[in-house]
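Here's the structure, in structure tokens; my notes come after.
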Amino acid sequence: EVLRSADITMYRAKAAGGNRYEHADPEADTRAITRHGLTNSLPRALQRGEFFIEYQPLVRLSDGQVNGAEALVRWSHPMRGVLGPDQFIPLAENTGLIVPLGRWVLEEAVRQAREWKFQHIDGRPLRVNVNLSPCQLHHPNLVRDTVEVLKEAGLEPSSLCLEVTESALIGADESLLKPLRELADLGVDIALDDFGTGYSNLSNLRRMPLSTLKLDRSFTRGMQRDPADPVDIKIVEGIVSLAHTLDLAVTVEGVETGIQAEHLRILGCDTAQGWYYARPGPPEHLHTLSLADAT
Ligand code: C2E
Ligand code: CA
Ligand code: CA
Ligand code: CA
Numbered sequence: 011e012v013l014r015s016a017d018i019t020m021y022r023a024k025a026a027g028g029n030r031y032e033h034a035d036p037e038a039d040t041r042a043i044t045r046h047g048l049t050n051s052l053p054r055a056l057q058r059g060e061f062f063i064e065y066q067p068l069v070r071l072s073d074g075q076v077n078g079a080e081a082l083v084r085w086s087h088p089m090r091g092v093l094g095p096d097q098f099i100p101l102a103e104n105t106g107l108i109v110p111l112g113r114w115v116l117e118e119a120v121r122q123a124r125e126w127k128f129q130h131i132d133g134r135p136l137r138v139n140v141n142l143s144p145c146q147l148h149h150p151n152l153v154r155d156t157v158e159v160l161k162e163a164g165l166e167p168s169s170l171c172l173e174v175t176e177s178a179l180i181g182a183d184e185s186l187l188k189p190l191r192e193l194a195d196l197g198v199d200i201a202l203d204d205f206g207t208g209y210s211n212l213s214n215l216r217r218m219p220l221s222t223l224k225l226d227r228s229f230t231r232g233m234q235r236d237p238a239d240p241v242d243i244k245i246v247e248g249i250v251s252l253a254h255t256l257d258l259a260v261t262v263e264g265v266e267t268g269i270q271a272e273h274l275r276i277l278g279c280d281t282a283q284g285w286y287y288a289r290p291g292p293p294e295h296l297h298t299l300s301l302a303d304a305t
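Sequential numbering of the sequence shown, starting at 11, is according to our numbering.
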């Protein structure tokens, strides 16, 4: 049902056409065989329900409250154990399977966010962030599908944030920005993920229908020590001031220590995510955390 036959046909056509060249590097061959095996088992994995989602809390720096979570997909492979997204998302993108997989992640995460709402005792809504790959962004049904998923689950659009990477939006023309703008008009938040790793033209930020910049981990590493790296401090200060001028919130990734969190809070960052607060985990875990910080 989730996996439409058209998607499988496209996947097969691509799988048959790719990887035709022989080479002599045995390690590369092993990698290619592994890749090939994983690529071949991807569509079945979706049908068999081998994917699952871990959630990592998003913490408001001003008061330490959990106000949402990012959905991160994993593959529980029957032979290889749990695989991280870096091991299969690129394969899913190459074969087009990312579209049905991404749709599944969205459905699952939105359903979960709806459930958190019911469980919540003080009525604070927990929002959910979902990653969008460039293929999904280019797909003509993005807006329709997203609206449908939200409606079916009964979740208001403002409880969903879609994360789009900077590189996916490089040179983005109107055709790419239009669906994002439609979603933003409906109330869905759009975050620019991995900000600072691509080459965004800063003036382009104004054209994009964004509500949040997610600052890449590389910028926050220099704040693990005390005193923090003075250049990194200046850079983050500059980005926060630019973002706030444009009415964008700043989320920082990869916060691993309390010192880092404190630096970033003082620098005016709005939200933090990282191992210091919690590793990605099962959805129940988030519920416990958010209740704990409310007391
Ligand atoms: P991302 O969107 O930048 O996600 C953040 C990554 O940083 C996650 O890796 C997370 O586990 C990791 N992380 C979080 N806190 C810390 C920390 O304090 N220190 C360090 N060193 N790492 C931290 P993960 O789960 O392996 O995901 C990797 C990437 O895979 C994600 O990067 C995202 O680009 C992609 N991805 C994950 N789920 C999906 C999905 O459903 N769809 C798509 N298209 N991409 C996904
Ligand atoms: Ca992300
Ligand atoms: Ca990121
Ligand atoms: Ca990243």
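Backbone N, C-alpha and C fix where the C-beta goes; we use that ideal spot for every residue, glycine too.
Distance from the C-beta of Glu173 to the nearest heavy atom of ligand 2 is below 7 Å. One thing to note: Glu118 has its Cβ within 8 Å of the Cβ of Ile63. Fewer than three pairs of CB atoms, one per stretch, sit closer than 8 Å, so the stretch 46 to 60 makes no contact with the stretch 228 to 246. Annotation for Glu263 indicates a beta carbon within 7 Å of some heavy atom of ligand 3. With respect to Val109, Leu142 sits apart: the two C-beta atoms are not nearer than 8 Å.
Residue environment: Gln57 is assigned as exposed (fewer than 16 neighbouring CB atoms within 10 Å of its CB, all protein chains considered). Every beta strand (DSSP E) of 3 residues or more that sits fully in the stretch 59 to 114 is shown, in chain order, as 61 to 70, 76 to 87, 91 to 93. In this chain, the alpha helix (DSSP H) harbouring Asn50 covers 36 to 57. Selection Asn77, Ala194, Arg154 evaluated against His297 yields Asn77 as nearest (Cα-Cα). Looking at the backbone, the Cα of Glu263 and that of Leu277 are separated by about 14 Å. Taking 7 Å as the cut-off, one finds no heavy atom of ligand 2 near enough to the beta carbon of Asp280. Remark: three or more beta-carbon pairs, one from each stretch, lie closer than 8 Å, so the stretch 147 to 155 and the stretch 187 to 194 are flagged as touching. Just measuring C-alpha positions, the residue of Asp96, Leu101, Ala81 sitting nearest Ala42 is Leu101. Taken through DSSP and simplified to helix, strand or coil, Gly291 comes out as strand.
For Arg231, the closest of Leu220, Val69, Ala178, Trp285 by C-alpha to C-alpha distance is Trp285. Separation of Gln97 and Ala38 (C-alpha to C-alpha, rounded to the nearest whole angstrom) is 15 Å. In this structure, Gly94 lies near Arg84, with their beta-carbon atoms less than 8 Å apart.
Residues of the same chain with a CB within less than 8 Å of the CB of Pro88, apart from the 5 flanking positions on each side, are Glu60 in chain order. Only buried fits Leu165, as 16 or more other CB atoms lie within 10 angstroms of its CB. A check of alpha carbon separations from Val250 across Arg70, Leu223, His295 identifies Leu223 as the nearest. Beyond the five residues adjoining it in sequence on each side, Pro292 comes within less than 8 Å, by CB distance, of Glu64, Tyr65 in the same chain, given in chain order. Distances between the C-beta of Glu118 and the heavy atoms of ligand 2 are all 7 Å or more. Not a single heavy atom of ligand 1 lies less than 7 Å from the C-beta of Gln234.
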